[in-house]
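Some notes on the structure that comes next.
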């Protein structure tokens, strides 16, 4: 089956090349320079559109407020001021670049009276050209209309992603067909006859003599020396998570759904870490079971677990502090939490917990008979009890811990969120615990929430309290590994359980 692997690698390389080529050809590199008629030229960047605001109201200056519609209960920010119309037929025009990553909220106020003139919500397209006309209606002088007109249609910035997805889908279908074809004995024989023709065999025999099969090892020898079988589902899921992780860490094409959500919401980038933690939990149980079955002592496994966790934490601290290339780490402002640090702590707790209460797989599960339902849970009741208690601690701290200057149980981003009432309450109890135990200088100074909510306090998304949920998630992965091992011959039962959980 080496031909299948080579074909798969070639098709994967073709997919990568097609994705890069489609992105290079279809993604606009620069925006057209609009002619505003009055020498106003605005160079647009990626994820921006041009908005021309025409104020036809005589004697009324306008202040335009703006924000994303995904900014939950946020204060609107001043976008631009537009002066009054000079005379009928000659509106005052202001040009401004607006972001196209999310939908926008525009509110137009009378500058002098701070009175709302109109309000609209709209999703601008990348490199589009729009005009907003503010004028009196024909029905009455006191009625004001705000009309949004598209001058130039935006580009379809999602086209490269769509093409890459379709190319990948076609390649998956082709690879699946090749794997199915190679599994057919008649097709394999035909391929073998096509490659190894009689002329080639005759040439080899004349030069080297007929190959003797007397010294070939029996098939049983190959089976004994082969590497232990791996679960393809686990390897595939881990590979998907790692691929997305690399893609997201290198910008993700600057698409908003390949970036972490500022606070509320869920994007593709937000799925990478929990997926990896879950599959890490499954791997913990499967590898630990394999080591124990081979006679490895628990004390030796504990040393491996501690050493691996220590390495993950140390490497993580070095990686998240990029100034290490310039000299020794400045421990006064070293960021302590991080992704690898959380993975190291999660791995240590879950692996030690499973090692302390590790039990061999029941013989009833290894024989032709099947395990009875819930055996994977009933045999792990100490671990479940610990995890439930740990999650109870998280709930109690999150919703009942008093935080100075903040409402109890607050889960918001602070900053502009919630009308700007709690600007220094970012993260609620989670942020407060990190700042109390680690200090502001040892946390992330520029979290993703700062871009949208303009937060000013330090907050680390990989903080101490959040590690509890990572431990719970990894333990669920351990449980998934037990299901795969305990009920490995009950595929139908596993699928039924999965469908029941989805419903």
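Residue numbers (mature numbering (1 follows the signal peptide of the UniProt record, and there is no 0)): -22 to -1, 1 to 481.
Note that beta-carbon positions come from the ideal geometry of N, C-alpha and C, so glycine has one too.
Because the structure is a prediction, the values reported are computed rather than measured.
Assigned with DSSP and collapsed to three states, residue 85 falls in strand.
In the assembly as shown, residue 384 is a buried residue. Its beta-carbon has 16 or more other beta-carbons within 10 Å. For residue 335, no alpha helix (DSSP H) run applies, since DSSP gives it neither H nor E. Taking a cut-off of 8 angstroms for Cβ pairs, the segment 56 to 64 and the segment 157 to 169 do not touch, as fewer than three such pairs fall below it.
Within the same chain, Cβ atoms closer than 6 angstroms to the Cβ of residue 254 are found at 219, the five residues on either side in sequence being excluded. Straight through space, the alpha carbons of residue 155 and residue 358 are spaced by roughly 42 angstroms. Residue 113 holds the alpha-carbon nearest to the alpha-carbon of residue 70 among 50, 85, 28 and 113.
Shown here, residue 429 sits in a helix according to DSSP, grouped into three states. Residue 33: not part of any alpha helix (DSSP H); member of the beta strand (DSSP E) spanning 26 to 33, first to last residue. Shown here, residue 55 sits in a strand according to DSSP, grouped into three states.
Residue range 359 to 378 is occupied by the alpha helix (DSSP H) that includes residue 361.
The Cβ-Cβ distance between residue 263 and residue 459 falls below 9 angstroms. DSSP places residue 122 in the uninterrupted beta strand (DSSP E) bounded by 122 to 130. Nearest Cα to residue 297 within the set 318, 311 and 283: 318.
In the structure shown, residue 234 falls within a helical segment according to DSSP collapsed to helix, strand and coil. Of all alpha-carbon atoms in 375, 406 and 278, the one lying nearest the alpha-carbon of residue 329 is that of 278. Segment contact: the segment 415 to 428 against the segment 438 to 452, three or more CB-CB distances shorter than 8 angstroms; contact assigned.
The shortest C-alpha to C-alpha distance from residue 223 to any of 232, 236, 214 and 213 is the one to 236.
Beta-bridge partners assigned by DSSP to residue 45: 83. The segment 100 to 112 and the segment 75 to 84 touch, with no fewer than 3 CB-CB distances between them shorter than 8 angstroms. For a cut-off of 8 angstroms, the C-beta gap from residue 215 to residue 454 is around 14 angstroms, too long to register as a contact.
By the 16-neighbour rule on beta-carbons within 10 angstroms, residue 431 is buried. Beta-bridge partners of residue 420 (DSSP): none assigned. By the Cβ-count criterion, residue 448 is buried, with 16 or more other Cβ atoms from all chains shown falling within 10 Å of its own Cβ.
Taking each of 289, 366 and 53 in turn and checking the Cα distance to residue 394, the smallest one comes out for 53.
According to the DSSP assignment, residue 65 belongs to no beta strand (DSSP E), since it is labelled neither H nor E. Nearest to residue 445 by C-alpha distance, out of 152, 325 and 133, is 325. With contacts defined by Cβ atoms closer than 9 angstroms, residue 295 and residue 314 form a contacting pair. Each residue's CA atom was taken as its position, placing residue 144 and residue 24 some 24 angstroms apart. Shown here, residue 313 sits in coil according to DSSP, grouped into three states, outside any helix or strand. Shown here for residue 111: same chain residues with a beta carbon closer than 6 angstroms to its own, the five before and five after excluded, namely 32 and 125 in chain order.
Note on geometry: alpha-carbon atoms of residue 121 and residue 132 lie some 31 angstroms from one another.
The beta carbons of residue 40 and residue 115 sit no closer together than 9 angstroms. No Cβ-Cβ contact shorter than 9 angstroms links residue 95 with residue 108. Distance between residue 451 and residue 407, taken at the CA atoms: about 20 angstroms.
When 249, 159 and 37 are compared, the shortest CA-CA separation from residue 68 is found for 37.
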